[in-house]
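Per UniProt numbering, the very first residue in the sequence shown carries number 1; after that it's consecutive. Beta carbons are placed, not taken as given, at the ideal position from N, Cα and C, and that holds for glycine. All remarks here apply to the structure that follows.
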Amino acid sequence: MTAHRQSDTDACPGALRLHAAADGLLARVRLPGGLLTGAQLGSLGELAEQFGDGRLELTSRANLQLRALQEGDTARLADRLRAAGLLPSPTHDAVRNIAAPPLAAARLRALVEELDAAIRADPELAGLPGKFLFAIGQVPLAADVAAIPDGPRFGLRFGGHDTGLRVDAGRVTEALIVSAHAFLAEREAQRGGRAAAWRLRELADGPARVSARAAAALRLTPVSVPVATPAEVVDPGALVGVVTDNDQAAAGALVPLGRLESAQIRVLAEAERLVVTPWRGVLVPGLTGSAAAAWIERLAAAGLVVTPTSRWTGVTACAGRPGCARSLGDVRADAEAASRFVEGLPAHWVGCARACGSPAGDHVRIEATGEGYAVTRRSGDGRPAGEAVPHGEAGPGVAPAGDPGPRRDEAAGPRSAKRRDEAAGPRPAKRRDEDGPSSARQRDEADDPGAVRGPGRAGTFPVDVLGDVVAGARRA
1 MTAHRQSDTD
11 ACPGALRLHA
21 AADGLLARVR
31 LPGGLLTGAQ
41 LGSLGELAEQ
51 FGDGRLELTS
61 RANLQLRALQ
71 EGDTARLADR
81 LRAAGLLPSP
91 THDAVRNIAA
101 PPLAAARLRA
111 LVEELDAAIR
121 ADPELAGLPG
131 KFLFAIGQVP
141 LAADVAAIPD
151 GPRFGLRFGG
161 HDTGLRVDAG
171 RVTEALIVSA
181 HAFLAEREAQ
191 RGGRAAAWRL
201 RELADGPARV
211 SARAAAALRL
221 TPVSVPVATP
231 AEVVDPGALV
241 GVVTDNDQAA
251 AGALVPLGRL
261 ESAQIRVLAE
271 AERLVVTPWR
281 GVLVPGLTGS
291 AAAAWIERLA
301 AAGLVVTPTS
311 RWTGVTACAG
321 RPGCARSLGD
331 VRADAEAASR
341 FVEGLPAHWV
351 GCARACGSPA
361 GDHVRIEATG
371 EGYAVTRRSG
381 DGRPAGEAVP
391 HGEAGPGVAP
401 AGDPGPRRDE
411 AAGPRSAKRR
421 DEAAGPRPAK
431 RRDEDGPSSA
441 RQRDEADDPG
451 AVRGPGRAGT
461 FPVDVLGDVV
471 AGARRA
């Protein structure tokens, strides 16, 4: 359970509820499963050029954002999104949060579409928080409720916990909808005059209690759960170049710092279908091998990353200045100056302690402080590597005190890593999805066991030495 929220206000932006940023209004367009057509991307690009800054931002949940919008354009923006098929519901726009593997098998993609339709058809689910996340299949995100293939059946997960509930493929959508209702019921039961929870992990004993409600409604009896084992999770570098998975071929590229420029948008708009990934990447799926190779040439010519050894592999950033008023630095400009290829932990640049859009697994955080940058190694739950875990939250995979956390599996090579199955662990992963703030407590950096030491204030470095510092921290 995390700290209680101070307000009921759900500030998570959408296509209708825009966020007021320092550079204008921000609109987030939900893409269930990261899917859209090339024509839809082209429409978004036209909207960005007409109403925004000309770019599209990719988020850590595989959605797209338009920035620098003006108040007088919001109605026209909504009409255009509706015409492009990107705003199918005025009431459920912000709750269509569904994650899926980028190259999911056909049955999972069908379930994503089925679940999206079921969410939009359920009036009560319009009351879900904009942060509440569904998942179908293994994803690198902390889903609130998920259905993971388990042989011919699916296992349900609640805040990352496997509580032993199993359903047939034909009941997956029903089970996830019932689980969402169970979350709403449990958060109301626990509210007690306080602000309502936005995520399942914010509830006291949330996974067990929400699972029990869902089991009763679905008339399911839990099965025994096997001991958790590490699962293969795709690395960003594995989704660039010609990619094959589930008998599919695709052309994959990373988008430097998650910003698609207008020329890149026009190239991608010529594809029939596209998949946006949580690693700020994009796939052109459904290709033959030769067609995928031809697309790789086009994507490279447009300035997208198509090789796993690019300096942008594993490097992400929040908006930073000038777009975010909270930011203490122009993190994208500084990342541009300091980034280099490193075979090691991902690196995430942030402008403040909120650490928006941070990766789900172990990573290096480079945080602007106003005096330079603090460089820390972070565990998958956002805590500094080596920080003691509060009583009741410890579990397998938590780095012991003084340990910087597990390194990438050397035997697996630069294109894959062994990480703990998000669904199997005994505690939920605490991820700062998209614009959500970090849940890590503020502390003096001198007491931070994950801090990389520097001159002056502990862990703080000037920009001109960051390249070496960050590279070293990523290899550690």
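Buried versus exposed, by CB contacts within 10 Å (16 or more), residue i
i           : result
G370        : exposed
S290        : exposed
R332        : buried
L246        : The question names Leu, but residue 246 in the sequence shown is Asn. Exposed, by the Cβ-count rule.
R321        : buried
G45         : buried
E57         : buried
L20         : A small correction: the amino acid at residue 20 is Ala; Leu does not occupy that position in the sequence shown. So A20 ends up on the exposed side.
P400        : Caution applies to P400, whose pLDDT of 27 falls short of 50 and renders its modelled position unreliable; the value that the coordinates give is listed next. P400 comes out exposed.
Q40         : buried
T376        : buried
G151        : exposed
residue 477 : Given that the chain is displayed from residue 1 to residue 476, the structure contains no residue 477 and the question cannot be resolved.
D79         : exposed
P236        : buried
V192        : Residue identity check: residue 192 is Gly in the sequence provided, not Val. So G192 ends up on the exposed side.
P123        : exposed
K430        : Because the pLDDT at K430 is just 37, under 50, the model does not fix this residue reliably, and the value given afterwards should be weighed accordingly. The residue in question, K430, is buried, as its Cβ has 16 or more Cβ neighbours within 10 Å.
A251        : buried
P90         : exposed
R419        : Low per-residue confidence applies at R419: pLDDT is 36, beneath 50, and the placement is therefore not dependable enough to give any value.
Inter-residue spacing [alpha-carbon to alpha-carbon] between residue i and residue j
i           : j    : result
E343        : G170 : 42 Å
P462        : P256 : 23 Å
A118        : V465 : 52 Å
V470        : P384 : 15 Å
T59         : V95  : 16 Å
R194        : R201 : 16 Å
D205        : C356 : 26 Å
L87         : L36  : 12 Å
S379        : A83  : 42 Å
D330        : G351 : 7 Å
residue 515 : D144 : Given a span of 1 to 476 for the chain in the structure shown, any question on residue 515 remains unanswerable.
D362        : G164 : 27 Å
R104        : Q138 : For clarity, residue 104 is Ala in the given sequence; the question names Arg instead. Roughly 9 Å between the two C-alpha positions.
R298        : H92  : 36 Å
D334        : G472 : 17 Å
G85         : P278 : 22 Å
Q248        : A292 : 11 Å
C324        : P13  : 14 Å
P32         : A146 : 14 Å
F341        : L128 : 40 Å
V167        : I177 : 13 Å
E367        : R354 : 10 Å
R187        : R120 : 21 Å
R280        : P359 : 11 Å
L125        : I296 : 40 Å
G397        : P140 : Because the pLDDT of G397 is 29, which lies under 50, any placement of that residue in the model is unreliable, and the question is left without a value.
Whole-Å CB distance - residue i paired with residue j, under 8 Å assumed
i    : j    : result
S339 : R311 : 5 Å
A253 : V282 : 6 Å
L218 : A175 : 6 Å
P149 : V240 : Not really, about 25 Å apart at Cβ, beyond 8 Å.
A15  : G34  : Wrong, their Cβ atoms sit about 16 Å apart, outside the cutoff.
L274 : G38  : 6 Å
S179 : A214 : 5 Å
P207 : H161 : 4 Å
G286 : E270 : At roughly 14 Å, the Cβ-Cβ gap does not stay under 8 Å, so G286 and E270 are not in contact.
R259 : R17  : That pair is no contact at about 23 Å.
A374 : T460 : 5 Å
Bridge partner(s) assigned by DSSP for residue i
i    : result
V305 : L254
D245 : Q248
W279 : None; W279 has no bridge partner.
G24  : A21
V95  : None; V95 has no bridge partner.
R273 : T37
H363 : R378
L69  : L25
T460 : A374
A349 : Sequence check: residue 349 is Trp here, not Ala. Partner(s): A317, I366.
H161 : F158
Residue i Cβ short of 7 Å to the ligand ADP heavy atom set
i    : result
E202 : Although the ligand ADP was asked about, the structure shown includes no ligands whatsoever.
Touch test, the stretch 125-136 against the stretch 170-185, Cβ-Cβ under 8 Å, three pairs minimum: yes
Stretch pair the stretch 96-110 + the stretch 73-86: three plus CB contacts closer than 8 Å: Short answer: they don't touch.
contact_flag[the stretch 253-269, the stretch 294-314] where n(CB pairs < 8 Å) is 3 or more: The stretch 253-269 makes contact with the stretch 294-314: 3 or more CB pairs, one atom from each, lie closer than 8 Å.
The stretch 151-159 / the stretch 95-105 touching (three or more Cβ pairs under 8 Å): no
The stretch 311-320 touching the stretch 344-363, judged by at least three CB pairs closer than 8 Å: yes
Given 8 Å, three or more beta-carbon pairs between the stretch 62-69 and the stretch 22-38: yes
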